[in-house]
Structure formats: C-alpha cells, structure tokens
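**Q**
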Amino acid sequence: MGALQSSPGQHEYGDLAEKTGFSFRQIGVLHTRFKQLSHNEETLQRDHFNEIPDLACNPIRAQIVGAFFDRRNFRENGEGTVQEIGFEEFLVVMSHFRPPSLHMTQEQRESVRREKLRFLFNMHDTDNDGTITLEEYRHLVEELLSLSETLEKNTAKSIADAAMLEVASISMGHMEPDEFYEGITFEHFLKLLNGFEIESRMNIRFLRMDTTTLCK
Amino acid sequence: CHYSRPSPSPSTLLLLLLPSTKPPLPERGLLLLMVLVFLEGSVLPLGAASSPDVTHQANSDNHIVKEAGHNFTKKPFPVLSLDYHHIQAPFEISLWVLLASLMKLGFHLIPRLSGIVPESCLLIVVGLLVGGLIKLAGEQVPPVLDSRLFFLCLLPPIILDAGYFLPIRPFMENLGTILMFAVVGTLWNAFFVGGLLYAVCQIQPGNPSILHQLELLPCLLFGSIISAVDPVAVLAVFEEIHINELLHILVFGESLLNDAVTVVLYHLFEEYAGVGSVTVMDVFLGIISFLVVAVGGVLVGAIYGILAAFTSRFTSHTRVIEPLFVFVYSYMAYLSAEMFHLSGIMSLIACGAVMRPYVEANISHKSHTTIKYFLKMWSSVSETLIFIFLGVATVEGPHNWNWTFVTVTVILCLVARVIGVVGLTYVINKFRIVKLTTKDQFIVAYGGLRGAIAFSLGFLLNKDHFPLRDMFLTAIITVIFFTVFVQGMTIKPLVELLAVKKKQEAKRSINEEIHTQFLDHLLTGIEDICGHYGHHHWKDKLNRFNKKYVKKCLIAGERSKEPQLIAFYHKMEMKQAIELVESGGGVKLPSAMPSAVSMQNIQPKKLPPAKPAERALSNLPKGREEEIRKILRSNLQRTRQRLRSYNRHTLLADPYEDGLGDLLIKKQKMIELERKIKDMNNYLTVPAAPPDSPTMCRARLASDPQAYSMKPEPDSVPTIQVDLASPQSPDSVNLMDEFRRAEQQHEEDQGLMMKPPSGESGPKKPGEEDGSREHKLMRCLSDPGPSADEDEDEPFLP
Numbered sequence: 001m002g003a004l005q006s007s008p009g010q011h012e013y014g015d016l017a018e019k020t021g022f023s024f025r026q027i028g029v030l031h032t033r034f035k036q037l038s039h040n041e042e043t044l045q046r047d048h049f050n051e052i053p054d055l056a057c058n059p060i061r062a063q064i065v066g067a068f069f070d071r072r073n074f075r076e077n078g079e080g081t082v083q084e085i086g087f088e089e090f091l092v093v094m095s096h097f098r099p100p101s102l103h104m105t106q107e108q109r110e111s112v113r114r115e116k117l118r119f120l121f122n123m124h125d126t127d128n129d130g131t132i133t134l135e136e137y138r139h140l141v142e143e144l145l146s147l148s149e150t151l152e153k154n155t156a157k158s159i160a161d162a163a164m165l166e167v168a169s170i171s172m173g174h175m176e177p178d179e180f181y182e183g184i185t186f187e188h189f190l191k192l193l194n195g196f197e198i199e200s201r202m203n204i205r206f207l208r209m210d211t212t213t214l215c216k
Numbered sequence: 001c002h003y004s005r006p007s008p009s010p011s012t013l014l015l016l017l018l019p020s021t022k023p024p025l026p027e028r029g030l031l032l033l034m035v036l037v038f039l040e041g042s043v044l045p046l047g048a049a050s051s052p053d054v055t056h057q058a059n060s061d062n063h064i065v066k067e068a069g070h071n072f073t074k075k076p077f078p079v080l081s082l083d084y085h086h087i088q089a090p091f092e093i094s095l096w097v098l099l100a101s102l103m104k105l106g107f108h109l110i111p112r113l114s115g116i117v118p119e120s121c122l123l124i125v126v127g128l129l130v131g132g133l134i135k136l137a138g139e140q141v142p143p144v145l146d147s148r149l150f151f152l153c154l155l156p157p158i159i160l161d162a163g164y165f166l167p168i169r170p171f172m173e174n175l176g177t178i179l180m181f182a183v184v185g186t187l188w189n190a191f192f193v194g195g196l197l198y199a200v201c202q203i204q205p206g207n208p209s210i211l212h213q214l215e216l217l218p219c220l221l222f223g224s225i226i227s228a229v230d231p232v233a234v235l236a237v238f239e240e241i242h243i244n245e246l247l248h249i250l251v252f253g254e255s256l257l258n259d260a261v262t263v264v265l266y267h268l269f270e271e272y273a274g275v276g277s278v279t280v281m282d283v284f285l286g287i288i289s290f291l292v293v294a295v296g297g298v299l300v301g302a303i304y305g306i307l308a309a310f311t312s313r314f315t316s317h318t319r320v321i322e323p324l325f326v327f328v329y330s331y332m333a334y335l336s337a338e339m340f341h342l343s344g345i346m347s348l349i350a351c352g353a354v355m356r357p358y359v360e361a362n363i364s365h366k367s368h369t370t371i372k373y374f375l376k377m378w379s380s381v382s383e384t385l386i387f388i389f390l391g392v393a394t395v396e397g398p399h400n401w402n403w404t405f406v407t408v409t410v411i412l413c414l415v416a417r418v419i420g421v422v423g424l425t426y427v428i429n430k431f432r433i434v435k436l437t438t439k440d441q442f443i444v445a446y447g448g449l450r451g452a453i454a455f456s457l458g459f460l461l462n463k464d465h466f467p468l469r470d471m472f473l474t475a476i477i478t479v480i481f482f483t484v485f486v487q488g489m490t491i492k493p494l495v496e497l498l499a500v501k502k503k504q505e506a507k508r509s510i511n512e513e514i515h516t517q518f519l520d521h522l523l524t525g526i527e528d529i530c531g532h533y534g535h536h537h538w539k540d541k542l543n544r545f546n547k548k549y550v551k552k553c554l555i556a557g558e559r560s561k562e563p564q565l566i567a568f569y570h571k572m573e574m575k576q577a578i579e580l581v582e583s584g585g586g587v588k589l590p591s592a593m594p595s596a597v598s599m600q601n602i603q604p605k606k607l608p609p610a611k612p613a614e615r616a617l618s619n620l621p622k623g624r625e626e627e628i629r630k631i632l633r634s635n636l637q638r639t640r641q642r643l644r645s646y647n648r649h650t651l652l653a654d655p656y657e658d659g660l661g662d663l664l665i666k667k668q669k670m671i672e673l674e675r676k677i678k679d680m681n682n683y684l685t686v687p688a689a690p691p692d693s694p695t696m697c698r699a700r701l702a703s704d705p706q707a708y709s710m711k712p713e714p715d716s717v718p719t720i721q722v723d724l725a726s727p728q729s730p731d732s733v734n735l736m737d738e739f740r741r742a743e744q745q746h747e748e749d750q751g752l753m754m755k756p757p758s759g760e761s762g763p764k765k766p767g768e769e770d771g772s773r774e775h776k777l778m779r780c781l782s783d784p785g786p787s788a789d790e791d792e793d794e795p796f797l798p
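The listed protein sequences derive, respectively, from chains A and B.
Letter 144 of the first sequence, counting from 1, is numbered 144 in the UniProt record's numbering, and no numbers are missing.
Letter 307 of the second sequence, counting from 1, is numbered 307 in the UniProt record's numbering, and no numbers are missing.
(1) Count the other C-beta atoms from every protein chain shown that fall within 10 angstroms of the C-beta of B/Leu98, then say buried if there are 16 or more, exposed otherwise.
(2) Mind pulling the chain B residues with CB within less than 8 Å of residue 253 of chain A?
(3) Could you check whether the region 110-123 of chain A touches the region 42-53 of chain A, counting it as contact only if at least three pairs of C-beta atoms, one from each stretch, sit closer than 8 Å?
(4) So is A/Thr81 in contact with chain B if we call contact Cβ pairs under 8 Å?
(5) Could you tell me the distance, in whole angstroms, from the CA atom of B/Trp538 to the CA atom of B/His368?
(6) Could you compute how far the alpha carbon of A/Val65 sits from the alpha carbon of B/Leu375?
(7) So who's on the other strand from A/Asp70, going by DSSP bridges?
(8) State buried or exposed for B/Ala499, treating a residue as buried only when at least 16 other CB atoms are found within 10 Å of its CB.
(9) Alpha carbon to alpha carbon, how far is B/Glu562 from A/Leu145?
(10) Taking the beta carbon of residue 273 of chain A as the centre, do at least 16 other beta carbons fall within 10 Å, making it buried, or is it exposed?
(11) Would you kindly check if the distance between the Cβ of B/Leu412 and the Cβ of B/Trp193 is under 8 Å?
(12) Would you list the residues sitting across from A/Leu44 in a DSSP beta bridge?
(13) Looking at the secondary structure, which residues open and close the alpha helix (DSSP H) in which B/Thr490 lies?
(14) So is A/Gly86 buried or exposed if we call it buried at 16+ other beta carbons inside 10 Å?
(15) Whether or not the region 140-159 of chain B and the region 213-229 of chain B are in contact is what I'm after, with contact meaning three or more pairs of Cβ atoms, one per stretch, closer than 8 Å; do they touch?
(16) What is the rounded straight-line gap between the Cα of B/Lys135 and the Cα of B/Asp83?
(17) Can you list, in chain order, the stretches of the alpha helix (DSSP H) that have 4 or more residues and sit fully within the region 86-138 of chain B?
(18) In the DSSP assignment, find the alpha helix (DSSP H) that holds B/Arg356 and state where it starts and stops.
(19) Kindly list, in the order they appear in chain A, the residues whose Cβ is closer than 7 Å to that of B/Glu527.
(20) Run through DSSP, which three-state label would B/Lys502 get?
(21) Taking contact to mean 3 or more Cβ pairs, one atom from each stretch, closer than 8 Å, check whether the region 255-262 of chain B and the region 309-321 of chain B are in contact.
(22) Can a CB atom of chain B be found closer than 8 Å to the CB of A/Arg75?
(23) Within the same chain, show all residues whose beta-carbon is closer than 6 Å to that of A/His139, passing over the 5 residues directly before and after it, in chain order.
(24) Fully enclosed by the region 165-243 of chain B, which alpha helix (DSSP H) runs are 4 residues long or longer?
(25) Under 7 Å Cβ-Cβ, which residues of chain B neighbour A/Ser200?
(26) Can you look up A/Thr185 in the DSSP assignment and give me helix, strand or coil?
(27) When the cut-off is 8 Å and only beta carbons count, does B/Pro167 lie next to chain A?
(28) Go ahead and label B/Lys755 buried or exposed: buried means 16 or more other beta carbons lie within 10 angstroms of its beta carbon, across all protein chains shown.
(29) Based on the DSSP output, what are the partners of A/Ile132 in its beta bridges?
(30) Give the range of the alpha helix (DSSP H) segment to which A/His96 is assigned.
(31) Using Cβ-Cβ distances below 7 Å, what residues of the region 546-575 of chain B are close to chain A?
(32) List, in order along the chain, the chain A residues whose C-beta lies closer than 7 Å to that of B/Gln202?
(33) Is it a yes or a no for the region 392-400 of chain B touching the region 468-482 of chain B, going by three-plus beta-carbon pairs under 8 Å?
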C-alpha cells in the first residue's frame, strides 16, 4: 500500500532494502510514518519525536529519542550526535529491531546478537567513551524508577551499586581491593547479558503494520 | 456371632522382621515398601469385612436384650471394645493418604529406580498391586476413582498449585500458540479419532460384532474424552525432565486450557448421543457454549481472585489465617465454576494467577512460605493418590476387552497428535518470532499424555445411554497406560538424545531485571514511534492501569506505590539474608559471586574513599566510624586470612569419620558462613534512609512488613535499628537472633568472627547497650568492607 504512493522510486528502495534488510512493503509503511512524523519534511528533528503523545509517559523517552540521533547507530562507524536525520537513518535505526530470519547459522545469529546488544550499549553509554560508568548506570536506574512518585534516590543508588558489583564480579572474578573497576565495557556487557536471549526479545513485528493502524 | 477376626498377619510379619539383621539402606527401603503394601492390602479388606460383623453383633445384642424383657442378662462391663464402624470412613481415607505418602518416600530411598522410571509409573504399579491384593482377599474394591471424589477433592489442589505458580510472562507471551494447540488441536484430535474409529468399526461386514452397534455420536464422545492432554500426567512427567521453559509452558498450558473444549464437547455429545443426531443449530450453540464456558470460567476465577486480594489487604493483624483465604477463595472459585458447568480448571488458574501479585505484596513472609508448602504438599499427595487409584481402578474394571477397538484407538491417538502438532506448528510459525523447530514439535507431540481426567470422564458415562461404556473404559485405560508408561519412560532418554535445550538455572539477577524492564520500555517506545499499536503497547497500558488503580485498591499501605524494580531488589536482599542465615554453609548465594570484588572496587577513584558524602553512612561522626571500621577490620581480616590459607581440597578424610570429621565439618561451615557474611557485607548496602519510608519498611531484614517501628537513636547516629521492644509478632524472623543463634553454635570453636559483645541469648531487652550492639551488627552489614592494609597472621587450626 505504501509502495504505491508517491515514493522516491523503486531503485532507491532497493538500496535501502539491501542495507537494512527490510522488505519493500515494510519500507513503504515506514516511509509513510516518517512523513507523518516530520510533517512531510525531509528530515526529522528531536521536537518531532516529542510530539508523539504516547511516548510522553515513557520513562526512558529521552534515551530512545537520543538513540535515533546517535551516529553510532547509523552503522557507519561514526561518532557523536546529529541534529536531524533523514529517512535512511531512520530506517537504519529501526532495522536494529528487525526479527532474525528463521534460517540463520550460528554465526549470523551471533552477529545479530552483537548488533542488538551494541544498540543497547550505546543507549547506556551516553558520554561515548566506550564504557558504562557507575554514574551512567545510576542514571539509568533512576530513569527507570522515575515513573513512581516516591523516587528514592538512595535506593536507586544502591540498586545501581549492587548491579555494578554483579557485573564486576562476573567479568573480573577477583579484584584486589585497591584496583578500580572502570566501567562496563562492551565485552563485559555481552558476558553479562549472555543468558538474555536478546535476539528473540528485542523485536518489533514490522510486517503487521499498515496505514490503518497508524495513529497521530 | 463372634468378635473374632483373622489375626492380623502382616503386623506379626512386621514384628518378625524387626529384630532381624539390618540390611543396607536401599534394600531396607524395598523391604519397607513390600511390607507396607502387604499391610495396606490386608487392612482395607479387614475394614470392609468388619463392619457387617459389628453391626450384626450389635443387632443380635439388641435382640437378646429385647428378648430378655425385664430381666437383663448382666454382662461384664466391656473394658476394651472394638468399634471399627464408627471410624471407618476417615480411617480408610487416612490409610490411603498414608499409603500414598509412604510410597513416595519409599521410591526415593531406592536411588536407581527413580532415575529410570518416572514416579507416575511406579505409583500405578503400586495401585495395581493394592487393587490385586484387595481382590485376592475377596473384597469389593472401593470405587476409588469415583468422579465426585476425583473432581472435587483430588484435582483442585494440583490445578491450584499450577495456577498459583504459573510463570505469567512466558505464558502470556505464548498465549496465542497455547490457545491454538489447546482449542484447535483438541478439536482436531477429537474429530479425527472419533470419526475414524466409527469408520473402522463399520468396516467389518463379514462378522457382525458388537462394534457395529457403535454409532457416530458415542464415537465422537469417546474421541473427545480421549483427546484431551492431561495436566496431571504432564506435570508428573515433565517435572522430572527439566526441559526448557518454552516447551514446558506450551505443553502444560495446552493441558490446562483444553479443559474448556473438553467440557463443551463432552456435554454436547453426551446430551445428544441419546437422540442420535446433531443439527447445525446445535453446533452453533456448542460454539457459543464454548465461549461462555471459557470466558465465564476465567471471569469467575478473576472475581474470586480480586476478592482474595482485597481481603488480604486487611490481614495485617491476623497473619495466621492468611493462607486460609488463599485456599478457600480458590476452592470456591472452582466450585462456583463447576456449579454453572463452566470450566473449573480455567477458573482456578485465573484465580491463582490474578491474586498472586497482590496477595504476595500483602502477606507476611511466613504466610508466603506456608502457602507454598501447603500447595506443594497437597498437590503432591493428590497426584500420588490419583495414580495409585488409577492402578486400583484398573484392577477393578469393569472391563470389556476388544482387540480391534483398543489397538485402533491407541494408534489413532498417536497419529492424530502428530499430525495435529505438525499442521498447527506450520500455521503458527507464520506468526511467531521465535519459530518452533522440529525438535520442539516432536517434544510437544510426544508430551501429549493422557491421564486420570479421561478415565473419570469415562467413568461418569451413563451405562444405559452408552451400552459400550465398559469397552470405552478399557480403551481409555489402555491409552493412559500406554502414554504414561511408554511415553513417560522414554521421554527422558529422548530428550537427552535429541539434545533438547534444558531449563536454565534461574539465576534472577538484578541486571537481568533492569534490562528486562528497560527493554520493555524501549520496545514500547519504538512501537509508539512507528505508530503501531502492538503487543508492547497494550502491555504497557495494562501495566499503567494496574499501577494507577488496581494496586491502590488491593495492596495495603505503602507497598502499593512501590515500583517493581525496587520490590524485586528488596525481595532479593531478603532472600539472600535468609538463605545466608539458614544455610550456615551449604547454599551458594544466587547472584553474589564468591569473589573478592567489593564495593570499593567500583567506587569512583577520584573521590577519597573516606569521603562521607559518597557513602550511605554519611552522617556518622568520624570517630565513631573509625571505631567501627577498626572492629570490622580486625574481625573480618581474620576471615580473609583464613580464606586464603584454607583450601577446601586439602580437607582430607571422609567427613563422616568420627571426631575429626565433625570438627572439620564445623570448621568448614563456619568458614563458609564467614565468607558469606563478608560477601553479603560487600553486597548489601542497606542505606540509612529516613525512618518509616516505604524503602525502610522493606529494607528491614525481618519477615513482617509492618512489624517494626523506628525510634531515633539518642546518640545521633542515624542507623537502621531493630527496636526489640516494639510489639512485633513473636514468630517474626529477627536477624539478630539468627546471628546470635549461629554464633552460639560455633562458640566453642572460638572461631567467631562477627562478634557482637557476646551476650545472653535470652529475652530481648530494649536498652542502650543492646541498641548499640545491634547498631554495630547492622552497621557491619552495610560497611563496604575492610581495607587490606592490615595483615594478621593467625594459625588456622588451633
């Protein structure tokens, strides 16, 4: 349905499809949504995201929106943030949530895992230094708890501390008392969420969308 | 008429056996088993036999008295008399329960057997034996699998146990698949088996057998009885094979949810089998009836669940009867649903699943433990009894063996199941993200066991309407035996052979919980950005509704506002504390690794370690803190030293060697306890929060959420304080007491590390001294650990 509307031609979709793995139909639907969000402009900015009403009650809204403007997620080995994104970047970020196809080798599955976990890691590592420090982790826990009225700063802190301790224990095993654990690197992060089965959990069913279910 | 009865030979046998030489343990178990079976087998017919004797005797006595008229014949006063009839019914019930429990005990005494043969098979064999014994004694076998007894007493505990502890998350995630298997799969099975059976029965034109009498509708009825996967059998077998969560929930969920289908089909065909024809209208009504039965059952269960949750909100002063509410409300949900011919099983599941989160937030820890253990106990005994009764009922019959019918039934059941699963999976996989592989399909198909529900339903059939009822029963029993014995016994080796993924040890770590929640919010956000009202969107809406309205109604006090992450964290803290104290040396803390990573390793280095603002104990005057740390350092340093020099592998000799063995065990346990205290010490930072905040209520390491009150400490040290004088329930767990008890145990070994000034373990007295002692102990738990500058050298073994 989306592909029949005025769209930048099939060949461009072909490039996108190859790059992101979406089907033409999915790309078409997402394009429609993109145009809806950006009020038919060419690029999306952060304010456009903030207009989505349902997103307002999400505790990690800022991080989600931030992920769209984070160049590390554009698969181009870039760094830093941008102020506005085009449809291609939008699609690339979305492609992190594509379900894995049925017939995949173990290697492919592993690489899908790494990719998704990398996305999560980038969301946590806000200062872009390659590790998640205790402060960043604390911030994460506070965000998660920010929905409840009684925000217990101390409890959030102690939860984050306990979590960090666990990561350190899993990754480092034994540490001398004067050693300092810098932060969670990507490898430690992988090890931590080893049993998490993220390749089957971090997915959105893109195929199910059609224009009739699109809301404001 | 005489009072004599055959002298109880089994008990004399027992007496003879006792003084004999002691055989080793497994043989003793086997002996015990045999003796008990013999005993039970003979007492029960005694019970059946004695009552006519007694009544006869009583009658004749009366007769004599009446005859005598005015002159009473004076008998000597009966010093000891036997009146079995008086207590017969409860006595026999107790005997059966005792038999079941002893059997369960016995099987675990014989180690190799329980590994090869699943318990359910062994129990059926025992039932066969007992039934055989009763029959040999010439007595009437009691109708043990009477449908009323089964459906009203034996089945509910098992289902409630399953429903209360149902893992909601995987269940909901796979609900579509489960429903497909349960509804469509069962329908397919029923019609396939029933239809083909009818066809087969008609194709013997040569010799007219009784099979020709069998009409279509009774066949379909039979098909619907035999096609339902049985939750009891599935639970019994799957529990032992520890398969991965997805498969477990698929098969188990299917067995629970197909009850609605079975109920409707059964009633539909039974109703119309007499008439002989079913019209389209009836089919249509059947479909509506199915919806009513299923949805109605769930609604009834949910209503009772909410009532139970609401009641539990007010039980803070009567903790003792909390478990009773859970049980009674659930049972009433079941009975109410059965009253309206709705699906009792679904209602029970809905009740348990709905009430659980709210009830658990309201009740005390001890009540929670009570509920858990009572449910496990009842369901275990019920399950055992059901299998034994199956065996007994098999012996009794009534049987009508017909080779064709039985073998065709068995084959058709298998074939139907396989085709059904394969076909449905093909359709389902189009909609699933995580597809079901062939291995999964095989396990799902192979795990479709039939059980006692099928038998009871068959038993319920009216003999007048269904002249071939006996044949049905025989076939049902054969299928049950086949699935339980053949499939039940071989599924474990097959799982090993096919290398099916096993259940991962549930190590619920705080990180996984954080990321689970994070992922939930992330996916909801992405769905909102895509504008797609998907799965996550609705789940999120439901959660918000729950938090905003429902929790406020149903959860008492402060806990209604507690976010899930915090609740999880506190639950884990408490669990670890209790495990630590209770184990004293055996249990591994689930998520704290036995490493020497401590809090100071992760504190940012740029801040000096003694900076008060960073730490939880921020307002301590410097001197006091130093004093405490010095005490800790001296005590815990010894621990670290011991840990380094003690290598468990150098512990030689059999720990059961007298004297030395005991000493070594004690040492070992003590070391473990100290090590764990140190770990816990590092791990649990119980912050000093303002008094009576919701956090504090949960952070107190005690079992009753609202039993403690906080009093400000006179010497201006804001700490966590356990006020021993406050009115608390006498049976609440007091961590101080536990530590004290632990330390009493090890007093003589002189190895005590976490030493509060040794005091009396007597009655608690509130006082400054006790208060400060408690302080120190509690503070020890939150201190981030000693620094490594001191190195004491102490000999390990004195």
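Each residue gets a CB set at the ideal place from its N, CA and C atoms; glycine is no exception.
**A** In brief:
(1) As a working note, residue 98 of chain B is residue 98 in the second sequence. Around the beta carbon of B/Leu98, a 10 Å sphere encloses fewer than 16 other beta carbons of the protein chains shown; the residue is thus reported as exposed.
(2) There is simply no residue 253 of chain A to check, as chain A begins at 1 and stops at 216 in what is shown.
(3) With fewer than three CB-CB distances shorter than 8 Å, the region 110-123 of chain A does not count as touching the region 42-53 of chain A.
(4) Reading the first sequence from its first residue, position 81 is the one you call residue 81 of chain A. Not flagged as an interface residue toward chain B: A/Thr81, since no C-beta distance is shorter than 8 Å.
(5) Start at 1 with the first residue of the second sequence, and residue 538 of chain B comes out as number 538. Start at 1 with the first residue of the second sequence, and residue 368 of chain B comes out as number 368. Taking C-alpha positions only, B/Trp538 is separated from B/His368 by approximately 31 Å.
(6) Locating residue 65 of chain A in the first sequence gives position 65, counting from the first residue. Locating residue 375 of chain B in the second sequence gives position 375, counting from the first residue. As the crow flies, the alpha-carbon of A/Val65 is around 47 Å from that of B/Leu375.
(7) As a working note, residue 70 of chain A is residue 70 in the first sequence. A/Thr81.
(8) The count along the second sequence starts at 1 and reaches residue 499 of chain B at position 499. Classification for B/Ala499: exposed.
(9) Here the question's residue 562 of chain B lines up with position 562 in the second sequence. Here the question's residue 145 of chain A lines up with position 145 in the first sequence. In a straight line, the C-alpha of B/Glu562 is about 10 Å away from that of A/Leu145.
(10) As shown, chain A starts at 1 and ends at 216. That puts residue 273 of chain A outside it, with no answer to give.
(11) Taking the first residue of the second sequence as position 1, residue 193 of chain B is located at position 193. Taking the first residue of the second sequence as position 1, residue 412 of chain B is located at position 412. According to the sequence shown, residue 193 of chain B is Val rather than Trp. Yes. Within cutoff.
(12) Here residue 44 of chain A is taken as the residue at index 44 of the first sequence, counted from 1. Per DSSP, A/Ile85.
(13) Start at 1 with the first residue of the second sequence, and residue 490 of chain B comes out as number 490. Its alpha helix (DSSP H) spans residues 488-498.
(14) Here residue 86 of chain A is taken as the residue at index 86 of the first sequence, counted from 1. Here A/Gly86 is exposed: its Cβ has fewer than 16 other Cβ atoms, across all protein chains shown, within 10 Å.
(15) Cβ pair count under 8 Å is below three, so no.
(16) Your numbering for residue 135 of chain B matches position 135 in the second sequence. Your numbering for residue 83 of chain B matches position 83 in the second sequence. Those two C-alpha atoms are separated by around 24 Å.
(17) Counting only runs of 4 or more, we get 111-116, 119-136.
(18) For this step, residue 356 of chain B is matched to residue 356 along the second sequence. Where B/Arg356 is concerned, the enclosing alpha helix (DSSP H) stretches over 344-362.
(19) Numbered from 1 along the second sequence, position 527 holds the residue referred to as residue 527 of chain B. Ordered by position in chain A, the residues that pass the 7 Å Cβ test against B/Glu527 are Ile204.
(20) Numbered from its first residue, the second sequence carries residue 502 of chain B at position 502. Reduced to three states, the DSSP call for B/Lys502 is strand.
(21) Contact fails: fewer than three Cβ-Cβ distances are below 8 Å.
(22) Your numbering for residue 75 of chain A matches position 75 in the first sequence. Output row for A/Arg75: interface = no.
(23) Along the first sequence, one-based indexing puts residue 139 of chain A at 139. Counting only Cβ-Cβ distances below 6 Å, and skipping sequence neighbours, we find nothing.
(24) Taking only runs of at least 4 residues, the alpha helix (DSSP H) segments lying wholly in the region 165-243 of chain B are 168-173, 175-179, 186-202, 216-226, 231-241.
(25) In the first sequence, the residue the question calls residue 200 of chain A occupies position 200. Under the 7 Å cutoff, chain B gives Ile433, Val434.
(26) In the first sequence, the residue the question calls residue 185 of chain A occupies position 185. Reduced to three states, the DSSP call for A/Thr185 is strand.
(27) The residue labelled residue 167 of chain B in the question sits at position 167 within the second sequence. By this cut-off, B/Pro167 is not an interface position.
(28) Indexing the second sequence from 1 puts residue 755 of chain B at position 755. Residue placement at B/Lys755 is flagged as unreliable, the pLDDT there being 38, under the threshold of 50; a coordinate-derived value is accordingly withheld.
(29) The sequence position of residue 132 of chain A within the first sequence is 132, counting from 1. Answer by DSSP bridge pairing, in chain order: A/Ile184.
(30) Position 96 of the first sequence holds residue 96 of chain A. Element bounds for A/His96: n/a, residue is neither H nor E.
(31) Only those residues of the region 546-575 of chain B whose C-beta falls short of 7 Å from the nearest C-beta of chain A are listed: Lys561, Pro563, Leu565, Ile566, Tyr569.
(32) To locate residue 202 of chain B, count along the second sequence from 1; it is residue 202. Result: empty, since nearest Cβ-Cβ is about 44 Å, beyond 7 Å.
(33) Three or more beta-carbon pairs drawn from the region 392-400 of chain B and the region 468-482 of chain B are found closer than 8 Å, and the two stretches are therefore classed as touching.
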